[in-house]
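Enquirer:
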Amino acid sequence: MSDRYAVIGNPIAHSKSPLIHAEFARQTGQDMEYGRILGNPDDCAADVRRFFDAGGRGMNVTVPFKEQAWEMADERSPRAESAGAVNTLILLPDRRLRGNNTDGAGLIRDLTENQGFDFRAKQVLLLGAGGASRGVLGPLLETGLATLVIANRTASKALDLAAAAAAAEDHVSGCGLDRLSGRRFDLIVNATSSGLAGDVPAIPPDCLAPGGWTYDMLYGDQATPFQRWGSEHGAARALDGLGMLVEQAAESFFLWRGVRPATAPVIALLRGGEQQTRA
Ligand code: ATR
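Per my numbering: the sequence shown ends with 283, consecutive numbering throughout.
#1: Is any heavy atom in the ligand ATR found nearer than 7 angstroms to the beta carbon of residue 158?
#2: Using the C-alpha atoms, what's the distance from residue 176 back to residue 122?
#3: Let me confirm a value: residue 18 is counted as buried when at least 16 other C-beta atoms fall within 10 Å, else exposed. Which label applies?
#4: In three-state DSSP terms, what is residue 269?
#5: Leaving out the 5 sequence neighbours to the left and right, which residues in its chain are closer than 6 angstroms to residue 29 when beta-carbon positions are compared?
#6: Is the shortest distance between the beta-carbon of residue 134 and the beta-carbons of chain C less than 8 angstroms?
#7: For residue 248, count neighbouring C-beta atoms within 10 Å of its own C-beta (all shown protein chains included) and say buried if the count is 16 or more, exposed if not.
#8: Sorry if obvious, but does the Cβ on residue 86 come closer than 7 angstroms to a heavy atom of the ligand ATR?
#9: Between residue 191 and residue 273, what straight-line distance do the alpha-carbon atoms span, to the nearest angstrom?
#10: Can you list the alpha helix (DSSP H) stretches of 4 or more residues lying completely in the region 37 to 92, in chain order?
#11: Residue 196: beta carbon under 7 angstroms from a heavy atom of the ligand ATR?
#12: Distance check for residue 5 and residue 204, CA to CA, integer angstroms please.
#13: Looking at the secondary structure, which residues open and close the beta strand (DSSP E) in which residue 13 lies?
#14: Considering Cα atoms alone, identify which of 135, 117, 178 is closest to residue 251.
#15: With respect to the beta strand (DSSP E) encompassing residue 154, which residues constitute its N-terminal and C-terminal limits?
#16: Where do the N-terminal and C-terminal ends of the alpha helix (DSSP H) with residue 253 fall, by residue?
#17: For residue 79, does the count of other Cβ atoms within 10 angstroms reach 16, so buried, or fall short, so exposed?
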């Protein structure tokens with residue numbers, strides 16, 4: 005029987021993870037299957053346990069269960085620990101669950117390996133101070149960037165997040181969105197959920213430095229609202245989060261199977277699918 009993996013979330017029908025992992029498995033010759041589980045929105049613990057009791061080997065966890073998966077994990081990687089969220093569960097030989105978080109690595113790999121962004125000496129702005137932001141903060145701070153500003157609509161949350169990170173790194177600060185005037189950034193990463201409502205964070209129109217890039221952690225069949233903001237405000241590159249999605253999946257796949265799949269053909273496949281959707 006094939007080794008079983010799945011992604012749990014709510015909603016889950018839209019998830020591209022089964023397609024991505026099926027492609028990785030085909031490409032690397034791994035004998036595995038990967039399904040979708042609609043978790044109970046109030047408490048996914050029973051759904052997770054049922055999957056592993058029935059022989060599951062590993063699980064991806066998506067919205068809104070990443071914090072609960074962090075609580076469920078018997079042990080956690082340093083990345084998961086600092087993120088306070090788990091997107092990858094691994095069943096250990098002694099049947100305990102190890103929690104990892106591959107979101108940050110996925111973002112950095114997409115920006116650096118796929119897109120060629122060089123973080124060194126760069127001024128970076130991270131928008132949002134919720135779970136998505138916390139998940140990528142640690143890996144962002146390890147890139148060699150010059151300064152990271154975390155800005156949030158509710159300033160106190162950005163200040164708290166920056167203060168926690170500043171214990172280990174001194175090149176990070178937090179503020180409200182209304183404190184960005186006069187500042188210029190080489191890269192703006194949108195980790196807010198504003199795009200889900202068709203909105204963009206209220207940031208000054210001139211806070212992108214000449215030649216700067218924007219990156220929206222969301223993706224969709226069409227350009228996301230923040231991608232459009234980037235294009236309209238002179239971004240040299242205005243990227244969406246599809247590459248991050250595939251890269252975080254590849255990191256999870258590597259943790260489970262010890263094999264690193266090629267991501268470029270899978271990103272191209274998904275982009276092709278989107279174009280067909282638009283056409
Ligand atoms: P997630 O897990 O996706 O990060 P979250 O923890 O609910 O979800 O956090 C959502 C983030 O998006 C928050 O930083 C939120 O700002 P507030 O803390 O002020 O609520 C941000 N956000 C959501 N809608 C937004 C909008 N229209 N403009 C700016 N920020 C927004």
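No residue lacks a Cβ here, since even glycine has one placed at the ideal position from N, Cα and C.
Expert: Quick look at the numbers:
#1: yes
#2: 18 angstroms
#3: exposed
#4: Shown here, residue 269 sits in a helix according to DSSP, grouped into three states.
#5: 36
#6: This model lacks chain C altogether; it includes just one protein chain.
#7: That one is buried.
#8: Distances taken from the Cβ of residue 86 to the heavy atoms of the ligand ATR include none shorter than 7 angstroms.
#9: 27 angstroms
#10: 49 to 57, 70 to 76, 82 to 87
#11: yes
#12: Computed Cα separation, rounded: 47 angstroms.
#13: 7 to 13
#14: 117
#15: 151 to 156
#16: 246 to 261
#17: exposed
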